[in-house]
Each structure stands twice: as structure tokens, then as C-alpha cells.
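K.L.:
From first to last, the protein sequence lines stand for chains B and W. The numbers in our numbering rise by one with no breaks, and the one at position 249 of the first sequence is 260. The numbers in our numbering rise by one with no breaks, and the one at position 282 of the second sequence is 306. For each residue, glycine too, the CB sits at the ideal point set by N, CA and C.
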Amino acid sequence: MNRERIQLAHGGGGQLSAELIAEVILPILGSQRPGRLTDAACLSVDAGRLAFTTDSYVVQPLEFPGGDIGKLAVCGTINDLAVAGAQPRALSLSLVLQEGLAISTLRKVLTSAAGAARDAGVEIVTGDTKVVGREGCDGMIVNTAGVGVVAEGAELGFERVEQGDCILLSGALGEHGLSVVSCRKGLSFATDLRSDCAALHELTGSLLASLGGNVHFMRDPTRGGLAATLAELAAAIGRDVEIQEEAIPVNPVARSAAEMLGLDLLTVANEGKLVAVVAARQAPRALEILRSHRLGAKAAIIGTVGEAASGPLVEMQTVVGGRRIVQMPYGEELPRIC
Amino acid sequence: MKDPCDRHLREIRRHLDALKSLGSAPVRIMEVCGTHTMVLARAGLRSLLGEGVRFLSGPGCPVCVTDGAYLERAIHLSRTRPDITLASYGDMVRVPGQSGSLADARCAGADVRVVYSAGQAVEIALACRDRQVVFLAVGFETTAPGTALALRRAQREGLENFSVLTAHKRILPAMRALLVGDDVRVDAFLCPGHVSVIVGWGVYRELVDRFARPCVVAGFEPSQILAGVAEILRQLAEKQPQAASVYPPVSREGNRVAQAILEETFVPADAVWRGLGEIPESGLDLREELAAFDAARRFELPDYPTQDPPDCRCGDVLCGRCDPAECPLFSRRCTPRDPVGACMVSSEGACAAAYQYERFRKR
Chain B
12 MNRERIQLAH GGGGQLSAEL IAEVILPILG SQRPGRLTDA ACLSVDAGRL AFTTDSYVVQ
72 PLEFPGGDIG KLAVCGTIND LAVAGAQPRA LSLSLVLQEG LAISTLRKVL TSAAGAARDA
132 GVEIVTGDTK VVGREGCDGM IVNTAGVGVV AEGAELGFER VEQGDCILLS GALGEHGLSV
192 VSCRKGLSFA TDLRSDCAAL HELTGSLLAS LGGNVHFMRD PTRGGLAATL AELAAAIGRD
252 VEIQEEAIPV NPVARSAAEM LGLDLLTVAN EGKLVAVVAA RQAPRALEIL RSHRLGAKAA
312 IIGTVGEAAS GPLVEMQTVV GGRRIVQMPY GEELPRIC
Chain W
25 MKDPCDRHLR EIRRHLDALK SLGSAPVRIM EVCGTHTMVL ARAGLRSLLG EGVRFLSGPG
85 CPVCVTDGAY LERAIHLSRT RPDITLASYG DMVRVPGQSG SLADARCAGA DVRVVYSAGQ
145 AVEIALACRD RQVVFLAVGF ETTAPGTALA LRRAQREGLE NFSVLTAHKR ILPAMRALLV
205 GDDVRVDAFL CPGHVSVIVG WGVYRELVDR FARPCVVAGF EPSQILAGVA EILRQLAEKQ
265 PQAASVYPPV SREGNRVAQA ILEETFVPAD AVWRGLGEIP ESGLDLREEL AAFDAARRFE
325 LPDYPTQDPP DCRCGDVLCG RCDPAECPLF SRRCTPRDPV GACMVSSEGA CAAAYQYERF
385 RKR
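#1: For the alpha helix (DSSP H) containing B:Gln293, list its first residue and its last residue.
#2: Could you tell me which chain B residues have their CB closer than 9 Å to the CB of W:Cys29, listed as they occur along the chain?
#3: W:Phe384 and B:Glu326 - do their beta-carbons sit closer together than 9 Å?
#4: Leaving aside the five residues before and after W:Val51 along the sequence, list all residues of the same chain whose C-beta is less than 8 Å from its C-beta, in chain order.
#5: Please go through the same chain and pick out, in chain order, the residues whose beta-carbon is closer than 7 Å to the beta-carbon of W:Arg387, but skip the five residues on each side of it.
#6: When Cβ atoms are compared, which residues of the stretch 67-85 of chain W fall closer than 7 Å to chain B?
#7: To test your reading of the DSSP string, which unbroken alpha helix (DSSP H) runs of 4 or more residues are found completely within the stretch 278-327 of chain W?
#8: Applying a beta-carbon distance threshold of less than 8 Å, which residues of chain B neighbour W:Phe384?
#9: Can you give me the start and stop residues for the alpha helix (DSSP H) that W:Ile222 sits inside?
#10: Could you tell me whether any Cβ in chain W is nearer than 9 Å to the Cβ of B:Asp275?
#11: Here's a check: name, in chain order, each residue in its chain whose Cβ is nearer than 7 Å to the Cβ of B:Val261, leaving out the five neighbours to either side.
#12: For W:Cys152, count neighbouring Cβ atoms within 10 angstroms of its own Cβ and tell me buried if that reaches 16, exposed if not.
#13: What residues of chain W sit near B:Tyr341, judged by a beta carbon separation below 7 Å?
#14: Using the beta-carbon of each residue, which ones in chain B are nearer than 9 Å to W:Ala198?
#15: Pairing CB atoms from the stretch 215-226 of chain B with CB atoms from the stretch 240-251 of chain B, are three or more of them under 8 Å?
#16: Using a Cβ-Cβ cutoff of less than 7 Å, which residues in the same chain neighbour B:Gly111 once the five nearest sequence positions on both sides are dropped?
#17: I'd like the span of the beta strand (DSSP E) that includes B:Tyr68, first residue to last.
#18: Near B:Glu282, what residues of its chain come up, given a Cβ to Cβ distance below 8 Å and the 5 sequence neighbours on each side ignored?
#19: Starting from the beta carbon of W:Tyr271, find every residue of chain B whose beta carbon is closer than 9 Å, and list them in chain order.
#20: What is the DSSP secondary structure of B:Asn154, reduced to helix, strand or coil?
#21: Got a sec, what are the start and stop residues for the beta strand (DSSP E) W:Leu80 sits in?
#22: Within the stretch 289-341 of chain B, note down every full beta strand (DSSP E) run reaching 3 residues or more, in order along the chain.
#23: For B:Ile348, I'd like the list of residues in its chain whose CB is within less than 8 Å of its CB, leaving aside the five on either flank, ordered along the chain.
#24: What is the DSSP secondary structure of B:Thr233, reduced to helix, strand or coil?
#25: Going by the DSSP bridge assignment, what does B:Phe75 pair with across the sheet?
#26: Could you check the C-alpha separation between W:Ala198 and W:Leu80 for me, to the nearest Å?
#27: Under 9 Å between the Cβ atoms of W:Ala161 and W:Phe186?
#28: Rounded to the nearest angstrom, how far is the Cβ of W:Cys88 from that of W:Ser370, given a contact under 8 Å?
#29: Where does the unbroken beta strand (DSSP E) through W:Val157 begin, and where does it stop?
#30: Per DSSP, what kind of secondary structure is W:Cys343 in: helix, strand or coil?
#31: Can you give me, in chain order, the residues of the stretch 217-250 of chain W that have a beta carbon less than 9 Å from any beta carbon in chain B?
#32: Within 10 angstroms of its Cβ, does W:Gln156 collect 16 or more other Cβ (buried), or is it exposed?
#33: Taking W:Gln380 as the query, report the chain B residues whose CB atoms sit under 7 Å from its CB, ordered along the chain.
#34: Measure the C-alpha to C-alpha separation of W:Glu313 and W:Leu150 and round it to an integer number of angstroms.
#35: Comparing alpha-carbon positions, which option in B:Ala162, B:Ala320, B:Leu211 lies nearest B:Ala58?
#36: Check each candidate in W:Thr166, W:Leu300, W:Ala129, W:Val274 and name the one with the smallest Cα separation from W:Cys343.
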């Protein structure tokens, strides 16, 4: 029997399952909660509002510059809580493993997930493991769910966004998507680009602590990038949105990589960036707060919320002074061929 | 980036004023490069230059110009031969044909894989010796050398399970075809940067001599495109059309090594372009000595008629006879999500670029 690789029996609920949990998973993830394994984790929380979210993560390759699927799964779910105005309290982490996956890869991914959770001060309190055949998935699928406590005074939502509000972006675009593409099979090109994968709850927490109800809406522009986030915002609030390309923070390496591949940086995924819509008079203060945190050092005010419109559009004034619209991308943009 | 742009813009406005006083504006400039099409739209250059310059997006997107019959042949192969793996560039997979797209064929069980290079298709053939790997070789003089190198490798490795279905195209004969006839809509060509690196800017002299249209090669930054436009307008205002390049990597002679590789691998052949029909010597067929790698000879392929979807005006768009928004299907039945015509599929297609970046609200 190959002890280095995942077998179907590892997900069967028998001895091998118990061994995998005891020898691989718990030593990495379980150290925070020693004791008997029960069917559910019990959490004590103060009275207030809870935020609850879940997300499944599939990424190829499983490891990429600046992170891996484990760190991604932890930070991604923390960020979903963070932009809902919550501070994360506990996470679940469930694995769907492909038969034949190297156990060393699993260890690496779990170690990185545990590290990301520890750095963020959040516990992974429950989980599950299943194994599927070789056709069932590519390497592994990770699902995380998270609960968090919503900050007092936070009132976030599309309905809170008003004409004249300022749109802030915490940093440069496209680092995650492009660093993943840069090491994808058949397309590898060397860059020193690293995924921006990071937990945003400190950033959102300090914004809300200072500005409370003046923060009207937050979102992390992941798949579909800034374009999807703003297009969705405009559609949901029924107002035009105006942004300035010149104001958008740029990572020159990411820009060159996007140009080479024919991709629009606005549509490339980010995993550690924040879009915040803030009341205009508080925007300078919001910018100051974002810039004082290492994850928001390059933050900028990139645009404003405009008038109500029946077919609301996101319009961008380009660096050269032209105008274009910014739309929800169709799906995954494909690198060009010539 | 802004300063050179401002300089080019001032120059453009000056020449446009001169052209307007001569009654020669608006000027219709056709770009024949998908990347130019995309950058024009993304940078908002149409809105920036206003009415004086009309950009026409010509046959510069490889996916858009590929004839529907070629696609039908590829789909036929993927559906009828379970031992075949098709290796294709990504955009090609979504183009709708008479019998669905390659993506539809894949959903129905065909083995269609997206590759980023011809070399990757050879890798698949090396790894899966029990499968016949057919590379769908589309694109201009930019991607054709990659196909040529892949074929060399296949030859060296003695690969018997690799072949190419070629639809490679040469841009110059298509540009020539657009200037022949009574209904010429093109005042000048903004010549492609990538293709011209290979073929050199000297080849466009023929068009200048014969048709007196400026042919100017430009790079891909918005400022480089504006530099190209300024040069075109200068030539028109001074009535001195020339072949020229404002893109430093392009020489007059081009890349001789790449040209030699192309010559060793391909022979010019008549080819059918979507919307433009058959153009003499505008395609690249495999040389006789490489016939063994020609999928069209290795497999039995029925002839399909060239047929564009009804009401689709991709052909007129590619010839500069209509703007994407003038097509009755544009943004109604034909969107990037559910494309009818090929120009809506590729992100470099004229219709996709117009849809994605220029669909302003009518004011």
C-alpha cells in the first residue's frame, strides 16, 4: 500500500480515515482545540449580529507564488466576513481530495491554511474530509465556512450607497490572477509577481471603527476583478459609477503581464484588495486609515457614485483622456493568441 | 504616458484641421490587428479623437477571419473520431458553427483541449501516443512560425500521432483585397505591430504604390497608436502616402529567420476569409514534404459550404462597411455570452471590443 498518497479508503470513514485525521490533519489544524472530536464545534459569542458565509475553492495549480489553495480558502472566507462588516470568529475547513494526491501536498496546504488562520487570529474549529476518484476533481477542493461578529455601528449594503459617495480601492489590481496564470501549465513565464492573497479584516475593522455608518458598502474584488464589483454595484444601486484610470494603483509587473496576455487588469482576480464606498466628506479620512495599514499602503480614491439611471453604466476616463465603459466580464478571459 | 499622448493629440488636431479645410475629413483608418482593436476600445481612443477620425476594425483577429467551413471540419473530426484529440487556441473553442461550437462538441464527449502554443500540442502528442492529436493552426504570420517549429519537432521525434489542420493567413493579400473594387472604405491602414515584426514594414510599399494609401505600423500602447494616427494624418494632409513604421521593433525587412522558417514550412495558397471570401495566395498551406502532418490529408474530411449565420454582418464589419452597432444582431441576439458571429467571440473581435468597452448609453 502506498502510504505517500491519498487513497479512496482515506475517505471511507474507517481505519484509514481515522489515521489520516489523527496523523496528518489534526497535528496541523487541531492543535488549537485539543480534546475529543465531536460532531460539531460549540462557540460562545456575545450578543449582537452574526455574519455567516461559505465558499469553495478550486485553483490550478494548487500552489502559486504568494500562496496556495489552503491560504486562499482561509483568507477568502475571512474576507467575505470582513466586507460584511464582521470580525471573523471561527472557520470550518472541508476537503475533497483526489485519489492519488501526494500526502506531502496535503500537509503543505494544511500547514499554510493553519498559518493563515493563526496570523488572522481565527480558529479552524470543524471540518470534514472526503476522497473522490481520479475523475472527481483535480488535486483537491477546499471548502471553508466562517462565522463572524458584525461590528457595532456597521450599516453596509447597496441600499446605503448615495450619489456623490467616493469609491476607494486599497491597492494595485491583478496580482493574484496573473501570478496564478504565470505558473499555469503551458503558459509559464517568469515574473516576480506574487498573489496578493491576504486577510482584510483588520483593514475593514479599522475603517468601521473610525467611520461607522459612513462606510456604505464594501466588497473584495475577487473573480471578475474590479470590473465585476463595480458593474454589480452600479446595477444594484441603479446609478452610474464614474472612475478615473489614472487614480487606480498599478503594479507595473502586473500591468506588463496583463498586456502580454491581452487581459484587462480591471477584470483580473484579486484576493487581498478592498473596494469601499464611503460618504464623500469622510473619504479623505478613509483614505488615511487605509494607507496607514500595510495592506492599504497604495490605497486611492478611484471614483464616485453618479446619478440614477435606467441602464446604469460604469464609465472610466482613461489615462489618455478617452472614455470607455467597464462591464461585468463574460467569464474567464482567455489569453490572446496573437 | 500622458505627455507623449498630448503631443500626438496636438499634432493630430493640427493635421485634422488641415484635412477638414481640404474636405478630406473624416478620415477612415482601418486597423488590421486584434490587439489594436482591443487597445483602441479599452483606451477610449474613438471618444478621444471624436468625429474627425473613424477607426474601422478590419480582418486582424485570427478567430474572426477563420472561415466557418474550417470550423465545421474541425467539429466533424472531433465528433466522428473518438481517437482524436483536438488542440486549439482558447477563443476558437467558443465560435458557433452550423453544428454548434467546439465547446459544445466537448460537452458531448469530444476531446478538445485548449493550448497556448503549437508546442503544447506537440507535448500532448508525445504524452498520449495512443491518440491522434490535431492542432488547429490558425493565426497570421505571428503564430505561423510557432506552428512551423512544432512541425519540425514532430518530424524530429518521428511523431506519427500529430498533425495540423491549417488555416494560417497572410495579412498583406487581405489588405490588398480591401483596396480593390468600387466600394473601398479605407483611407489608410494602421498596420499591425506583431505581424510587421515578422514581415517588415517594406511589404506595405506595394499597397502605397498601387493604391496611394498610407500604411503605418504602430505599437500597442495608446500613445503608440496615437503616434501612428498622427503619422497617417500628416501623410494625408501633405498628400504623400508612404509605408512607414513608428514602432521601433519593426524593421523594413522584418525577421529574416522567421521568414525563412515560414518559407521552409508553408506555401502561399488561396484561402477563404470570413466576410471577404476567397483571396488569392492569402493562406499558408503545408509544403508537400510535410504532407504527412496535414490533418486534411490524414483524415477524411467532408467539404462544407462557407455559410455565415443569417443576418450576421461580421463580413461587412471586417471590410469596414458597417460598425458593429449597425448589425441588427449586435447586443440583441449576439453578445459575448451568446455570440452569433465570430467577431463577438474573440476578445479581440471588433464586435466584442465595441460591446465590452464602447456600449455607451445613447444620449
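P.N.:
Quick look at the numbers:
#1: From DSSP, B:Gln293 is part of no alpha helix (DSSP H); its letter is neither H nor E.
#2: Val330, Val331, Gly332
#3: Less than 9 Å divides the Cβ of B:Glu326 from the Cβ of W:Phe384.
#4: Leu40, Leu43, Gly76, Val77, Arg78, Asp211, Ala212, Ile256, Leu257, Leu260
#5: Caution applies to W:Arg387, whose pLDDT of 47 falls short of 50 and renders its modelled position unreliable; the value that the coordinates give is listed next. Nothing listed; no residue qualifies.
#6: Ala67, Gly68, Leu69, Ser71, Leu72
#7: 280-289, 319-322
#8: Within chain B, the residues near W:Phe384 are Leu324, Glu326, Arg334, Ile336.
#9: 217-223
#10: yes
#11: Closer than 7 Å at Cβ, skipping near neighbours: Ala183.
#12: The residue is exposed, with fewer than 16 neighbouring Cβ atoms inside 10 Å.
#13: Pro360, Arg361
#14: When 9 Å is used as the limit between beta carbons, W:Ala198 is near no residue of chain B, the shortest such separation being about 14 Å.
#15: no
#16: Arg16, Ile17, Arg145
#17: 61-68
#18: Gly78, Leu83, Cys86, Gly87, Asn90, His187, Ser206, Asp207, Cys208, Ala209, Asp231, Thr233
#19: What W:Tyr271 touches in chain B: nothing, since even the nearest Cβ is about 15 Å away.
#20: strand
#21: 77-81
#22: 311-319, 325-328, 334-337
#23: For B:Ile348, the predicted structure reports a pLDDT of 47, less than 50, and the residue's modelled location is therefore unreliable. A value from the coordinates is still provided. The answer is none, since no qualifying residue turns up.
#24: Reduced to three states, the DSSP call for B:Thr233 is coil.
#25: B:Gly78
#26: 15 Å
#27: no
#28: Sure, about 6 Å apart at Cβ, within 8 Å.
#29: 156-163
#30: coil
#31: His218, Val219, Phe244, Glu245, Pro246, Ser247, Leu250
#32: buried
#33: Gln338
#34: 22 Å
#35: Nearest C-alpha to B:Ala58: B:Ala162.
#36: W:Leu300
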